[in-house]
Amino acid sequence: MKDRILLIDANALVHRAYHALPSLTTKDGQPVGAIYGFFQIFLKAVGDLKPKYVVMAFDTPSPTFRHEIYTDYKATRQKAPDELYEQFPVIKDIIGTLNLPIFEIPGFEADDIVGTLARQAEDQGLETIIVTGDLDEVQLVTENTEVYTMRKGFTDTVIYHIEEVKNRFQMMPSQIVDYKALRGDASDNIPGVPGIGEKTATDLIVKFGSLDGIYKAVEGNSLEIKDRVKNTLSEYREQAYLSQKLAQINTHVPLTLAINDSVLGNFDRNEVVQMFQKFEFRTLLSKIPQSFMEETKERTKESAFFNCHHIKDFKALDEFIKRAEKEPVWIIDTETESLDRFKPEIVGFSVAFDAKEAWFARFNKDFPIKDVLAKIKPYLKNPDIKKVGHNIRYDYFVFRGNGIELAPLYFDTMLAAYILAPGDRRYNLDDLSFMEFGYEKIHLLDLIGKGRDQIKVSEVPEEKILTYACEDVIMTYKLYEKYKESLKKETLSNIFEGIEMPLVPVLARMETNGVLVDSKILNEMSKDFDVKIKELEKEIHAQAGQEFNINSPAQLKKILFEDLEVQKNVSNDKWHGPKKVKTGGYSTAASELTKLKNAHPIIGKISKYRELTKLKNTYIDTLPELLGEDGRIHTSYNQTGTATGRLSSYEPNLQNIPIRTEIGREIRKAFVAGKGNVLVSADYSQIELRLIAELAQDERMIKAFNEGADIHTKTAAEIAGIDIRDVSYEQRRAAKAINFGVIYGISAHGLTESLGIPNEEAKSYLNRYFENHPAVKEYMTNTVALANELGHVDTIFGRKRFLPEINSSNFMVRSGAERMAINFPAQGTAADIMKIAMTQLYEAVKDNPDFKILLQVHDELVCEVPENKVAHAGALLKTVMESVVKISVPLEVNVSFGKNWGEMQQVSGI
Numbered sequence: 015m016k017d018r019i020l021l022i023d024a025n026a027l028v029h030r031a032y033h034a035l036p037s038l039t040t041k042d043g044q045p046v047g048a049i050y051g052f053f054q055i056f057l058k059a060v061g062d063l064k065p066k067y068v069v070m071a072f073d074t075p076s077p078t079f080r081h082e083i084y085t086d087y088k089a090t091r092q093k094a095p096d097e098l099y100e101q102f103p104v105i106k107d108i109i110g111t112l113n114l115p116i117f118e119i120p121g122f123e124a125d126d127i128v129g130t131l132a133r134q135a136e137d138q139g140l141e142t143i144i145v146t147g148d149l150d151e152v153q154l155v156t157e158n159t160e161v162y163t164m165r166k167g168f169t170d171t172v173i174y175h176i177e178e179v180k181n182r183f184q185m186m187p188s189q190i191v192d193y194k195a196l197r198g199d200a201s202d203n204i205p206g207v208p209g210i211g212e213k214t215a216t217d218l219i220v221k222f223g224s225l226d227g228i229y230k231a232v233e234g235n236s237l238e239i240k241d242r243v244k245n246t247l248s249e250y251r252e253q254a255y256l257s258q259k260l261a262q263i264n265t266h267v268p269l270t271l272a273i274n275d276s277v278l279g280n281f282d283r284n285e286v287v288q289m290f291q292k293f294e295f296r297t298l299l300s301k302i303p304q305s306f307m308e309e310t311k312e313r314t315k316e317s318a319f320f321n322c323h324h325i326k327d328f329k330a331l332d333e334f335i336k337r338a339e340k341e342p343v344w345i346i347d348t349e350t351e352s353l354d355r356f357k358p359e360i361v362g363f364s365v366a367f368d369a370k371e372a373w374f375a376r377f378n379k380d381f382p383i384k385d386v387l388a389k390i391k392p393y394l395k396n397p398d399i400k401k402v403g404h405n406i407r408y409d410y411f412v413f414r415g416n417g418i419e420l421a422p423l424y425f426d427t428m429l430a431a432y433i434l435a436p437g438d439r440r441y442n443l444d445d446l447s448f449m450e451f452g453y454e455k456i457h458l459l460d461l462i463g464k465g466r467d468q469i470k471v472s473e474v475p476e477e478k479i480l481t482y483a484c485e486d487v488i489m490t491y492k493l494y495e496k497y498k499e500s501l502k503k504e505t506l507s508n509i510f511e512g513i514e515m516p517l518v519p520v521l522a523r524m525e526t527n528g529v530l531v532d533s534k535i536l537n538e539m540s541k542d543f544d545v546k547i548k549e550l551e552k553e554i555h556a557q558a559g560q561e562f563n564i565n566s567p568a569q570l571k572k573i574l575f576e577d578l579e580v581q582k583n584v585s586n587d588k589w590h591g592p593k594k595v596k597t598g599g600y601s602t603a604a605s606e607l608t609k610l611k612n613a614h615p616i617i618g619k620i621s622k623y624r625e626l627t628k629l630k631n632t633y634i635d636t637l638p639e640l641l642g643e644d645g646r647i648h649t650s651y652n653q654t655g656t657a658t659g660r661l662s663s664y665e666p667n668l669q670n671i672p673i674r675t676e677i678g679r680e681i682r683k684a685f686v687a688g689k690g691n692v693l694v695s696a697d698y699s700q701i702e703l704r705l706i707a708e709l710a711q712d713e714r715m716i717k718a719f720n721e722g723a724d725i726h727t728k729t730a731a732e733i734a735g736i737d738i739r740d741v742s743y744e745q746r747r748a749a750k751a752i753n754f755g756v757i758y759g760i761s762a763h764g765l766t767e768s769l770g771i772p773n774e775e776a777k778s779y780l781n782r783y784f785e786n787h788p789a790v791k792e793y794m795t796n797t798v799a800l801a802n803e804l805g806h807v808d809t810i811f812g813r814k815r816f817l818p819e820i821n822s823s824n825f826m827v828r829s830g831a832e833r834m835a836i837n838f839p840a841q842g843t844a845a846d847i848m849k850i851a852m853t854q855l856y857e858a859v860k861d862n863p864d865f866k867i868l869l870q871v872h873d874e875l876v877c878e879v880p881e882n883k884v885a886h887a888g889a890l891l892k893t894v895m896e897s898v899v900k901i902s903v904p905l906e907v908n909v910s911f912g913k914n915w916g917e918m919q920q921v922s923g924i
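Residue numbers (the working numbering): 15 to 924.
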């Protein structure tokens, strides 16, 4: 069997990675998208192909021989952003750490280098695979050389051998160059022969074999070539042969493949890990190939920097308690069989007091849970012993399920990481251990396995589970020590201690309470929706003139844009889409079809069909499956899910149930109060607009809110220059879009998309708005400037959103950061206010079993109380929520009640 070599067209892969991924940065704002994407592709190729040798090829900045023969070569290409070029040196540094050779030859491109190396590798008897993002290199495919590339994304890969090239291009690899000589290549500005399209070029190559063969047929006046084509070929003969030279990969670059210098594995894994840590690439660690100098994979029972103590029996437990009872802070973690917080099946727990040693207790028949927890319970609930954990709310649930109220919940390292880097989304202990300390934790799946071979946590051998469990608390301790100081340094301790940590028991209580759901209502809705969906299917098929799969974007695209040509039915002055997609044709996304709503009756029916099927699949049919044994939905709240500080929920996501549609209200009717109780809802009215008024100190907005005016009607009157009584529905609608759009830094283009109006009209609206509200404009400008200067923006309470991207050289990235800078102070402050209100309400009612806080959705709190306590509950909610903070305008809360969430009426007299 031949040894295998990978020849990496690094230049092509870097560009492919940069354009395929969204902008990625480290927490310090360094762009790393191209770096991450390149190594994601490279390491996947290594894993898939398992080579013995690897060589890298890059372009150089200097002109190539192709520029010498054709000065316009690649002249139409736009210069790539600086942030892409800045990532090349880092990629080369990491390749250097992997000890792999890099070839860069002035005057030649990376694919020329790859082509030359491929021929030399063949001569040395190697099986050669070229890894690239550029299909030009399929011309290099031979019996011994193949091309590995991506169809789409990074995971859908394909290997081109001779037969695969023939299947894809209907010609041999060696004929690709002559095809390009005729067809040209717009991306490289290779001219080709004008008027020769893809089909004609392919037919000519297939019939005559080569460019020379084609011109021989032209000279012989072949009857197999149309006169028009012959004339064109004759006229542009010189250009065709020039294009052939430009498209031909040079396989004679002056270089030598030194195979012994290309062995994969001759590197120090620790150095590679440190590089990946620097750029926060933990997810790539498991893909690093085996090193000859491997030394970090082997783990022993005793870690390099901490000791593990196994609490095996009651004697060891007594010794642990004697040691632990004097400690003021316990780092604690539980090991369970399941992530179900209500039925977790605890296997054991671990504790640490510093970064040097940890203890782990694992239960068994001779060391039973009940007896062990009975001995340790006084310490777990001792108010003088502070409890620290990572996602401590889960451990709180685990202990409470075993009759222990873990308290006080002092410090959650997951929440601390979130406050220090909101929007990062990488807050699990494995990621943080690696990013902060370069430490690779044992992965749980490495212990229990996957699929059919997966074992229970309780079945993992003791020496393995011991190190794993102790690692958890040791790394949590290290994060605790680091984040305590970081929170102080960034002046975020007040957010952590005053808002986020007090909310943990509140959310735990809410999740435990759950909300009662009447599944009969949902079952009836499901039947009704089935009928409506089938009716819509028939109507859509009738209007299309044929049956097709409405859920298939490809089939829908054909029906709408090829058969019905709905895009032609929109007047040009309001035409702003739909957008084209990369695979060709128009997009069928809901946002794009909205622009076509008046183009054809079928559009409205498709939108309605999608709405019904989505709600049916997401809520109506799913909610009954999520009911607990008590008939209640126990949604989970994510405290780290949004960059603004707002809560999100999952299993199910209640945030996405439509609020203002009739269907949404029907679904909400299934959320009901228990017998003798009612639901009470308290909803902040226009809280973000009120906060914009406060932040901007806009006199007109402040006056309007203090007078209780309809802010949207008032804005519409100002923009139109008319009396408030003369404002039309459409004018108020436009004003509402502007008012809320301002929070998100809306542009004229955004307003055009939102309202479906011409761009000039949208510009005029915004100009008149800012003429009437110069303080808002000044606030937006100053906020962006401050974000540029400080690198972050703050809420009224001091929560921060770090925005390193605001100084990006990439316009799209920078613009996105500027919009975040504008909207975060209002959105984040609204989130802070809601969280403070929830905590204050909880403190007021936590000892009252009849008052249950159930849900937090958007700006709304939903509670359940006895029917005869509605007025009292409503007054309490209103008082607490409206008095969280005193600003220039009142915080107004609307309170309503009802037997279900979909039919509520105002609480009077409060």
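Backbone N, C-alpha and C define an ideal beta-carbon position, used for all residues, glycine too.
Computed from a predicted model, the values in this text were never measured in an experiment.
Output the boundary residues of the alpha helix (DSSP H) element that contains residue i.
| i | result |
| --- | --- |
| Ser922 | Segment: none, Ser922 is in no alpha helix (DSSP H) and carries neither H nor E. |
| Ile850 | 825-859 |
| Leu521 | 515-527 |
| Met289 | 283-292 |
| Tyr193 | 190-197 |
| His323 | No alpha helix (DSSP H) contains His323, which is instead part of the beta strand (DSSP E) from 321-325. |
| Val179 | 176-183 |
| Ile273 | Element bounds for Ile273: n/a, residue is neither H nor E. |
Quick check on the DSSP output: the beta strand (DSSP E) that includes residue i runs from which residue to which?
| i | result |
| --- | --- |
| Thr675 | Looking at the DSSP string, Thr675 is not in any beta strand (DSSP E), and its letter there is neither H nor E. |
| Ala366 | 360-366 |
| Tyr424 | 423-426 |
| Val343 | 343-350 |
| Asn652 | 650-652 |
Have a look at residue i and residue j and give me their C-alpha separation to the nearest angstrom.
| i | j | result |
| --- | --- | --- |
| Val28 | Glu97 | 12 Å |
| Thr602 | Ser902 | 45 Å |
| Gln288 | Gln101 | 17 Å |
| Ile204 | Gly121 | 18 Å |
| Phe334 | Glu819 | 49 Å |
| Asn508 | Leu640 | 37 Å |
| Tyr67 | Leu278 | 5 Å |
| Asn25 | Val741 | 59 Å |
| Lys311 | Lys340 | Only weak support exists for where Lys311 lies, its pLDDT of 45 falling under 50; the coordinates are left without a value. |
| Ser663 | Lys16 | 54 Å |
| Ser621 | Glu917 | 26 Å |
| Lys6 | Asp808 | Here the chain comprises residues numbered 15 to 924, so residue 6 is not present and cannot be evaluated. |
In three-state terms, what does DSSP make of residue i?
| i | result |
| --- | --- |
| Thr947 | The structure shown does not extend to residue 947, since the chain is modelled only from 15 to 924, so the question has no answer here. |
| Ala59 | helix |
| Glu123 | coil |
| Glu732 | helix |
| Thr658 | coil |
| Ile634 | helix |
| Val871 | strand |
| Val69 | strand |
| Ala375 | strand |
Among all the DSSP beta bridges, which residues are the ones paired with residue i?
| i | result |
| --- | --- |
| Trp915 | Bridge partners of Trp915: none, in fact. |
| Pro45 | Thr39 |
| Phe816 | His806 |
| Met164 | Thr171 |
| Thr142 | Ile19, Thr159 |
Would you mind giving the Cβ-Cβ distance between residue i and residue j, rounded to the nearest angstrom? I have them listed as a contact below 8 Å.
| i | j | result |
| --- | --- | --- |
| Ala840 | Ile757 | 5 Å |
| Val686 | Asp532 | 5 Å |
| Glu238 | Lys221 | 6 Å |
Could you tell me whether the Cβ of residue i comes closer than 8 Å to any Cβ of chain B?
| i | result |
| --- | --- |
| Leu626 | Of the protein chains in the structure, only one exists, and it is not chain B. |
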